[in-house]
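What follows is a set of notes on a single structure, which appears directly below.
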Amino acid sequence: MGWGGTGYRGWPIATGGSAICYVADGSSEGVSGTTSGTFVQKLLVSFTAVLGVRYHIHSYLELEAPDDEDVEGEVTINTVQYAFCHFKNYPYATRWSQMNGAFYQSNALSGNQDIRINWRNGFGAGTKNIRRARILVTQCP
Numbered sequence: 002m003g004w005g006g007t008g009y010r011g012w013p014i015a016t017g018g019s020a021i022c023y024v025a026d027g028s029s030e031g032v033s034g035t036t037s038g039t040f041v042q043k044l045l046v047s048f049t050a051v052l053g054v055r056y057h058i059h060s061y062l063e064l065e066a067p068d069d070e071d072v073e074g075e076v077t078i079n080t081v082q083y084a085f086c087h088f089k090n091y092p093y094a095t096r097w098s099q100m101n102g103a104f105y106q107s108n109a110l111s112g113n114q115d116i117r118i119n120w121r122n123g124f125g126a127g128t129k130n131i132r133r134a135r136i137l138v139t140q141c142p
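The opening position of the sequence shown corresponds to residue 2 in our numbering, with each subsequent residue numbered one higher.
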């Protein structure tokens, strides 16, 4: 196995063999808000997949809703949703919620892949926020 440098947090980028290795990652920090009922993109990570290679896609996001309102988040591969969360915030305060570890594994991906984290207003007139979004793609043996 050869090594092609380091990637996410110093993980090795393998050029062959059977190591779990970094493929792509991205993060978006800071609060973004929407009142839209249609999904809005927060983060996009793209990579090129090789058919037959197994990929793990990990994602994390933090959502906020005002009191007694809802916010929804999703993770998609190209246009297909593979993770969804609905956060119902009960009255009295604005609160944050996390979706941690949304996970997808496949050896059937081929060509250009776009991984997106999106969010939208689930219910109510207030602004719904997303604070942090992260995606990590690794290749596994």
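Idealized CB from N, CA, C, for every residue including glycine.
Am I right that residue i and residue j are in contact with their C-beta atoms under 8 Å? What's the rounded C-beta distance?
i: arginine 132; j: glutamate 63; result: 4 Å
i: isoleucine 128; j: glycine 34; result: Reading the sequence as shown, one finds threonine at residue 128 and not isoleucine. The pair is a contact, with the Cβ atoms about 4 Å apart (cut-off 8 Å).
i: asparagine 101; j: aspartate 68; result: Not really, about 23 Å apart at Cβ, beyond 8 Å.
Could you tell me whether the Cβ atoms of residue i and residue j are closer together than 8 Å?
i: valine 138; j: alanine 66; result: no
i: glutamine 114; j: asparagine 79; result: yes
i: glycine 27; j: aspartate 71; result: no
i: valine 54; j: glutamine 140; result: yes
i: histidine 98; j: phenylalanine 85; result: The displayed chain sequence assigns serine, not histidine, to residue 98. Not a contact, by the Cβ cut-off of 8 Å.
i: arginine 135; j: serine 60; result: yes
Identify every residue that forms a DSSP beta bridge with residue i.
i: leucine 64; result: Ser98, Ile131
i: asparagine 119; result: Gln42, Glu75
i: asparagine 113; result: Thr49
i: threonine 35; result: Lys129
Quick one: is residue i buried, meaning 16 or more other Cβ sit within 10 Å of its Cβ, or exposed?
i: leucine 110; result: buried
i: glutamate 73; result: buried
i: asparagine 119; result: buried
Within the 8 Å Cβ cut-off, does residue i reach chain C?
i: leucine 52; result: Absence of chain C from the displayed structure is noted, only one protein chain being present.
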